[in-house]
Amino acid sequence: MNSNIPKISDFPTGEENTAFEQYFTGKSYLATLTSDKDLNVPLSNVTFEPGCRNNWHSHNGGQLLIVVGGEGLYQERGKPARHLKAGDVVEIAPNVEHWHGATATSWFSHLATVGNPQSNANTWLEAVSDEEYAQANQK
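Here the sequence shown stands for residues 1 to 139, where the numbers follow UniProt numbering.
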């Protein structure tokens, strides 16, 4: 693991998220926290370097984010961005187009799980533009 990544939560940072890097601007890191498929509750810690965000996307079964460190952003299509800090919870309804990531100046980490995991699928869309991202970073 990269020792230049600051410790921003008690959860592991994991490895660079190369499997999904085509859907991110900047680097992210992924640590899978649960492994029991019978439990049916997939949970991962996702960490974003400053400036990193994922593309616009949706989940047909919804998604839940629990912020555990740093400062981040969450935005639904057509709505203002929401600034996030540790302890914030984001409930994302099925099929809502959204993006999330770090602010321009802070690392960011959240736990992520999805509703209806056996059938939940992501639909990845276009990258968040630099203009959209700059607007979201304004407080």
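All C-beta atoms in this analysis are idealised placements derived from N, C-alpha and C, irrespective of residue type, glycine included.
Please name the residue in L64, T47, A104 whose C-alpha comes closest to that of I5. Position 5 of the sequence shown holds residue 5. Of all alpha-carbon atoms in L64, T47, A104, the one lying nearest the alpha-carbon of I5 is that of T47.
In whole angstroms, what is the alpha-carbon distance linking H100 and G78? Mapped onto the sequence shown, residue 100 falls at position 100. Mapped onto the sequence shown, residue 78 falls at position 78. Each residue's Cα considered, the two are about 14 Å apart.
Cα-Cα separation, Y133 to G87: Locating residue 133 in the sequence shown gives position 133, counting from the first residue. Locating residue 87 in the sequence shown gives position 87, counting from the first residue. If you take the alpha carbons of Y133 and G87, they lie about 23 Å apart.
Does the region 91-107 come into contact with the region 63-78, if we say contact requires no fewer than three beta-carbon pairs (one atom in each stretch) closer than 8 Å? yes
Assess contact between the region 55-66 and the region 103-115, defined as three or more Cβ pairs (one per stretch) separated by less than 8 Å. Is contact present? yes
Could you compute how far the alpha carbon of S28 sits from the alpha carbon of Q22? Taking the sequence shown and counting its residues from 1, the one referred to as residue 28 is at position 28. Taking the sequence shown and counting its residues from 1, the one referred to as residue 22 is at position 22. When rounded, the distance between both Cα atoms is 11 Å.
Do G61 and V114 count as a contact pair if the criterion is CB distance below 7 Å? Position 114 of the sequence shown, counted from the first residue, corresponds to residue 114. Position 61 of the sequence shown, counted from the first residue, corresponds to residue 61. It is a contact, given that the beta carbons lie within the stated cut-off.
T105 (DSSP reduced to helix, strand or coil): Taking the sequence shown and counting its residues from 1, the one referred to as residue 105 is at position 105. Here T105 sits in coil by DSSP.
Considering only C-alpha positions, which residue in the set K37, T18, N116 is nearest to L30? In the sequence shown, counting from the first residue as 1, residue 30 sits at position 30. Taking only the C-alpha atoms, the option nearest L30 is T18.
Helix, strand or coil for N137? Go by DSSP, reduced to three states. By one-based count along the sequence shown, residue 137 stands at place 137. Three-state DSSP puts N137 in a helix.
Which residues in the same chain as G69 place their Cβ atom closer than 6 Å to its Cβ, once the five residues preceding and following it in sequence are excluded? The residue given as residue 69 occupies position 69 in the sequence shown. By the criterion of a C-beta distance shorter than 6 Å, G69 is surrounded in its chain by I8, S9, A86, S109, once the five residues flanking it on both sides are discounted.
State yes or no: is the C-beta of W58 within less than 7 Å of the C-beta of E16? Indexing the sequence shown from 1 puts residue 58 at position 58. Indexing the sequence shown from 1 puts residue 16 at position 16. For the sequence presented, residue 58 should be read as Ser rather than Trp. No. Outside cutoff.
Run through DSSP, which three-state label would T34 get? Locating residue 34 in the sequence shown gives position 34, where the first residue counts as 1. Three-state result, T34: coil.
Per-residue burial, A116 [other beta carbons within 10 Å of its own, 16 or more giving buried]: Here residue 116 refers to the residue found at position 116 when the sequence shown is read from its first residue. Before going further, note that residue 116 is Asn rather than Ala in the sequence given. Its Cβ having fewer than 16 others within 10 Å, N116 is exposed.
Using the three-state DSSP reduction, which class does Q118 fall into: helix, strand or coil? Translated into positions along the sequence shown, residue 118 becomes position 118. Coil at Q118, not helix or strand.
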